[in-house]
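Colleague:
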Amino acid sequence: MLMVLSSLRRGIVQVFLLFAAWAVFHCVFLSSGAVALSPDGISVSTSEGMNNTRIVELINTYRAQYGLSLLRPNGRLGLSARLKVKDMISQSYFDHTSPEGQRFSANVRQARYDYRSVAEVLARGCRSEAQVLRLWSKSPTHNKALLDPGFVDINCSNSISGGITYVACHLAKPRVIAESPFRRYRLLRPRHFYTSSPTP
């Protein structure tokens, strides 16, 4: 009986230690901005200060007020937005074009999103998701992108550097849109446009 109890105690202790190790890993590596690897093998930062899903929800609510269709969250656009935010922070710039002259559309292509049209809206220094939307909606060029009836997909990313939150949002229309399982429309030449990048 004593041997059974001793074995049981050892088993409980081992389970507890495994759980404690998992908890430490979760807190240290998953909550501290560790580097994550995307499905395409692209290393991107995961340190975020805002809820990207909430930003997308607010944009869709805003579009619905104007009778526009809701945009679909797209994983590849999420990756392209993360690449953009990471590049801005690593190279200390805030613009749609990198210091080397690379436009944001290059990030979209790197994420393997085949677009017909694409737009980027940026923000920095905001303290909440609602403030991000207010900032963009008050800018004519940003507002035009948010309310473009042609866009189908969307995703956002944000990261904190030096206490400042940087946000990038990519909105796009895919080159090929599947209207039904039996019918597809192939759209022609890509287009992309830029918006200004206000700060609060």
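Heads up: the sequence shown at position 90 corresponds to 72 in the numbering used here, and the numbers run straight through without jumps.
Every residue gets a Cβ at the ideal spot worked out from N, C-alpha and C, and that includes glycine.
1. Using only alpha-carbon positions, find the residue among L129, A88, D77 and Y97 that is nearest to L50.
2. From A101 to L153, what does the alpha carbon distance come to, in whole angstroms?
3. May I ask you to report which of helix, strand or coil DSSP gives A93?
4. Taking buried to mean at least 16 other C-beta atoms within 10 Å of its own C-beta, is A93 buried or exposed?
5. Taking only runs of the alpha helix (DSSP H) that begin and end inside the segment 109 to 166, which ones reach a length of at least 4 residues, in chain order?
6. For R45, is the classification buried or exposed, using 16 other Cβ atoms within 10 angstroms of its Cβ as the cut-off for buried?
7. Going by DSSP, what residue range makes up the alpha helix (DSSP H) through G60?
8. Who are the Cβ neighbours of Y97 in its own chain at under 7 Å, not counting the five residues just before and after it?
Modeller: Based on what the coordinates show:
1. Locating residue 50 in the sequence shown gives position 68, counting from the first residue. Closest by alpha carbon: L129.
2. Against the sequence shown, residue 101 aligns to sequence position 119. Against the sequence shown, residue 153 aligns to sequence position 171. Whole-angstrom Cα-Cα distance: 5 Å.
3. Reading the sequence shown from its first residue, position 111 is the one you call residue 93. If DSSP states are grouped into helix, strand and coil, A93 belongs with coil.
4. As a first step, residue 93 is located in the sequence shown; it is residue number 111 there, counting from the start. Buried, by the Cβ-count rule.
5. 111 to 120 and 122 to 128
6. For the purposes of this step, residue 45 is identified with residue 63 of the sequence shown, where counting begins at 1. Counting Cβ neighbours within 10 Å, R45 comes out buried, since at least 16 surround it.
7. Counting from 1 along the sequence shown, the entry for residue 60 is found at position 78. From DSSP, the alpha helix (DSSP H) with G60 extends over G57 to Q73.
8. Walking along the sequence shown from the start, residue 97 turns up at place 115. Closer than 7 Å at the Cβ level, and outside the excluded window around Y97, lie V90, A154, K155, P156, R157 and P172.
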